[in-house]
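The structure appears below as structure tokens.
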Amino acid sequence: MANTILVGAQWGDEGKGKIIDVLTEEADIVVRTQGGNNAGHTVFIGKQKYVLHLVPSGILRQGKLCVIGNGVVIDPVGLVGEIEGLVALGIKIDSNLMISETAHLVFPYHREIDAQREILKGKNKIGTTKRGIGPAYGDKAARTGLRMIDLINPSRFEPMLRQKIKENNEILKAFHAAPLSFKKVHDAYRAAGDKLRPFVTNTVVKLHEASRRKASILFEGAQGTFLDIDHGTYPFVTSSNTTAGGACTGSGVPPNRMDRVVGVMKAYTTRVGEGPLPTENAEIADMLHNMGREFGATTGRARRCGWFDAVATRHATMVNGIDELAVTNLDGLDSLETIKVCIGYRYGSLRVDYVPNDIETFSKCEPIYAEFQGWKTPTDQVKQWKQLPAKARSYLKAIAELTDAKLTIASVGPSRDQTIFL
Ligand code: GDP
Ligand code: IMO
Ligand code: MG
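Remember, this note's numbering sits 26 above the position in the sequence shown when you count from 1.
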């Protein structure tokens, strides 16, 4: 397989984990390049459900090398817990996992400040996962962060952490929050550091060595296009570049080594957290929630749901350079009489055909819908394109065309074998 960047084309939770798992069959290496354990990527193997937060989803397939790249922010205690959880489920994790020595660390003060800022914002809160992601990337940009390479060097780590705890306890005091104990944090992090040391390496060099041996690399995007710090619905975004460029900066593999970009999108739209979602619709949300679907894989929050937004996905094609589309959760629409697709926005008397940068403008955009007839037939057992109801094929073709990219995968259920290749 060619080197492939996989990105979410909507607001996250598009089903990237499932598609990564499917594409991993053809890849040698799977790399996470941004985000942290705010991500929750679900993979089903048979009846067994796995939710990956920091470990690349490729770990579930034997013989694949998995890399946590330099662009990821790592909560080392969380990562150890995740690895131990996977091992308990029978997943082998040893030389098949590498962690970048320059990846930044997430500390308890990042999580606490994340939570306190949300409280302070009140009704204007972002609705973060409270995993400390924003404050950790903030420290990275401010050049005051600690990295994996510091964690595995005990004599260096201790004074650095002591200084950070001192500084952050002052900040926590201003929030009237309880201070952190240096000793407690130090002990927990040093223990995690010892467990993670065997995996920590110069992943940039390792990836280039593998590349010279013609290994094919799959870049596992986290979050989605509209949560991108530059291209998303700022400030209702996460703190990393979730779009295709993030795969390069977050791994050290340059743009001219990338062969294709696959965009994953649901056949409808979901979002968890605050911020504009023009096609949000209570009826479709109730329908999906009553089916037991669309609850967050990381926080368990009910996801907001709406109709497919082609203005947004077309924008995603543009900023990511999406060549191929994987549409998931087609089966979620199986029971509907009529299906709506947003093909433009109305802003006052104006028609808008792109995603406005101004958040207030975007919040006031009303969707303009085209309607499609539902197929009202279960699709979850369909294995081939031709077996899909004609109306489902028309719908898929239409949303791919509106998105301006080539449809190559349609997913009709969470399992590997519920995947239709075109
Ligand atoms: P990710 O963050 O993009 O990996 O997505 P999540 O795992 O957070 O959420 C996607 C949800 O949809 C998970 O529960 C998946 O198991 C599920 N899923 C993925 N593709 C399909 C599909 O085609 N049909 C159904 N029914 N579920 C799917
Ligand atoms: P995956 O990889 C969906 C959302 C949060 C919040 C905003 C900022 O599973 O698709 P953060 O904790 O990152 O500071 O929160 O981003 N968010 C996600 N939404 N899927 C994710 O990851 C997300 N990661 C963060 O809900 O709105
Ligand atoms: Mg998710």
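In this text, a Cβ means the ideal position worked out from N, Cα and C, and glycines have one as well.
* What separation, rounded to the nearest whole angstrom, lies between the Cα atoms of Val230 and Asn29? -> 15 Å
* Taking the DSSP output, what are the residues bridged to Arg327? -> Arg327 is not bridged to any residue.
* Hey, quick one: how far does the alpha helix (DSSP H) through Tyr215 stretch, first residue to last? -> 208-222
* Asked: Thinking C-alpha only, which one of Ile365, Ile139, His212, Phe398 is nearest Gly460?
  -> Residue 460 lies beyond the residue range present for the chain, which begins at 27 and ends at 448; the question has no answer from this structure.
* Is Asp54 near the ligand MG, going by C-beta to nearest heavy atom under 7 Å? -> no
* Asked: Start and end of the alpha helix (DSSP H) containing Leu422?
  -> 416-429
* Asked: Looking at the structure shown, is Gly34 part of a helix, part of a strand, or coil, going by DSSP?
  -> strand
* the ligand IMO heavy atom lying under 7 Å from the CB of Arg157 -> yes
* Quick one: Cα of Gly43 to Cα of Leu32, how far? -> 10 Å
* **Contact set for Glu363: own chain, Cβ-Cβ below 6 Å, skip 5 residues either direction** => Gly400
* To do: Please determine, among Ala352, Lys409, Gly84, Lys390, the residue with the shortest C-alpha to C-alpha distance to Glu427.
  => Ala352
* Asked: In angstroms, rounded to a whole number, what distance separates the CA positions of Gly111 and Glu193?
  -> 33 Å
* Asked: Count the other CB atoms within 10 Å of the CB of Asp254; is the residue buried (16 or more) or exposed (fewer)?
  -> buried
* Tell me, please, which residues DSSP counts as bridged to Phe245. => Ile31, Val57
* Grouping DSSP H, G and I as helix and E and B as strand, with all else coil, what is Ile475? -> Nothing in the structure corresponds to residue 475, since the chain is present only between 27 and 448.
* Neighbour flag for Ser265 against chain C, beta carbons, 8 Å -> The structure shown contains no chain C; it is built from a single protein chain.
* Asked: Is it right to say Lys75 is buried, meaning 16 or more other beta carbons lie within 10 angstroms of its own, or is it exposed?
  -> exposed
* Per DSSP, what kind of secondary structure is Ile197 in: helix, strand or coil? -> helix
* Just curious, the alpha helix (DSSP H) that Pro134 is in, first and last residue? -> 134-147
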